[in-house]
Amino acid sequence: MLAKQLEKNDNTYKWKSLVPIKTTGNKVPIYIIHGGGLGVMVFHHLSKYLDDQQPVFGLQALGIDGQNEPLETIEEMASFYISEILQQNPNGPYALAGHSSGGLIAFEMAQQLKSSGKEVKSLTIFDFNIAEAKRTYQLKEKLERQILFFMPILLFNVKSIFRNPIRTFKYYLLLWKLRLVTLKRRMGINSNSELNPVFINIDKAIVKNVEAIKNYNASVYHGDLNLFVSTDKVDFQKDPEFLGWRQYIKGKVLVFKVKGDHDEMILPPNVFTFAEIYQQILDSN
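The numbering used here puts the first residue of the sequence shown at 318, with every later residue one more than the last.
(1) Count the C-beta pairs between the stretch 333-342 and the stretch 556-569 that are closer than 8 Å, then say yes if the count reaches three, no if not.
(2) Got a sec, what are the start and stop residues for the alpha helix (DSSP H) TYR595 sits in?
(3) Taking the Cβ atom as the reference point for each residue, do ALA378 and ASN526 lie within a distance shorter than 9 Å?
(4) Compute the beta-carbon to beta-carbon distance between ALA412 and TYR366, rounded to the nearest angstrom, for a pair I have assumed lies under 8 Å.
(5) State the Cα-Cα distance for the pair PHE479 and MET358, rounded to the nearest angstrom.
(6) Count the other CB atoms, across all protein chains shown, that sit within 10 Å of the CB of THR340; report buried if there are 16 or more and exposed otherwise.
(7) Going along the chain, which residues of its own chain have a beta-carbon closer than 8 Å to the beta-carbon of PHE360, five neighbours each way excluded?
(8) In three-state DSSP terms, what is SER418?
(9) Starting from SER547, trace the beta strand (DSSP E) in both directions and tell me its first and last residue.
(10) Under DSSP, the alpha helix (DSSP H) around LYS365 begins and ends at which residues?
(11) Where does the unbroken alpha helix (DSSP H) through TYR398 begin, and where does it stop?
(12) For my contact list, PRO482 and ASN406 are in at a C-beta cut-off of 8 Å; report their separation, rounded to the angstrom.
(13) Does the contact criterion of 3 or more C-beta pairs under 8 Å hold for the stretch 567-576 versus the stretch 534-544?
(14) Does the beta-carbon of SER433 have 16 or more other beta-carbons within 10 angstroms, so that it is buried, or is it exposed?
(15) What residues match up with PHE445 in a beta bridge as DSSP calls it?
(16) Under the assumption that SER439 contacts ILE598 (Cβ atoms under 8 Å), give the Cβ distance between them as a whole number of angstroms.
(17) Three-state secondary structure (DSSP) at PHE559?
(18) Sort LEU544, GLY380, ILE447 by Cα distance to ILE594 and report the nearest one.
See below:
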């Protein structure tokens with residue numbers, strides 16, 4: 318498990334979800350919630366290029382280590398993550414962020430913190446479309462989206478095969494094995510012995526996370542939202558400007574466009590610009 322032990326006031330805390338990424342600095346710490354991959358080490362790049370005095374913590378999903386059951390609702394995830402943050406930082410204020418579906422959890426955390434009288438200094442979402450999360454597609458739309466997704470992926474895969482055929486083959490063999498095992502599990506066929514337990518735990522947590530997103534009913538947030546939007550999208554976006562968030566925000570929705578796709582926007586070289594903009598947001602609040 319990625320969570321470490323830190324000492325505070327002579328007490329040692331062992332967190333299940335809270336992960337210290339950068340603990341030095343005197344600024345209000347950022348708490349970044351995991352995306353669909355459920356882990357937080359991808360945020361290391363962002364922390365590296367933020368201000369030296371900017372502490373950064375991540376919140377990873379329960380269940381990926383096999384020691385805890387995954388939480389089943391966005392509300393439960395938000396409540397548990399808040400409990401760990403309050404253990405580490407009881408007084409606030411709090412700067413919350415979430416990548417992809419983690420933005421939805423960060424949104425609910427901000428709601429719960431405000432309801433309990435805590436100060437939310439800033440709420441930031443990294444490229445999550447709440448309109449798409451709730452949308453159902455007709456057959457024609459599904460086929461169009463599949464084609465739009467498939468073509469660039471196919472091109473990338475062909476290039477990968479030529480660059481490193483052995484590594485590419487091993488990767489996709491594991492990927493398809495994982496998908497097959499996942500399909501069997503969902504059909505009630507016991508196939509746990511076919512796959513490393515690590516992948517079984519992660520898959521189980523991902524399934525719970527996806528269901529939680531579908532079942533979440535957002536209410537209006539009385540505050541501002543900072544919204545980072547990736548510029549390189551290959552799929553159709555309903556409400557490409559605000560990604561569906563405008564109707565849920567009582568205050569301002571400030572949109573910041575960053576080069577790269579959904580994942581590349583927080584990786585080098587795009588993360589350089591991302592970090593610069595984000596630090597300006599944090600320092601201005």
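Ideal Cβ placement from N, Cα and C applies to all residues, glycine included.
In brief:
(1) no
(2) 587-601
(3) yes
(4) ALA412 to TYR366, Cβ: 17 Å. No contact.
(5) 29 Å
(6) exposed
(7) ILE338, ILE349, VAL373, GLY375, HIS416, ILE583
(8) coil
(9) 542-547
(10) 361-366
(11) 391-405
(12) Not really, about 48 Å apart at Cβ, beyond 8 Å.
(13) yes
(14) exposed
(15) Answer by DSSP bridge pairing: none, since PHE445 is not bridged.
(16) 6 Å
(17) coil
(18) LEU544
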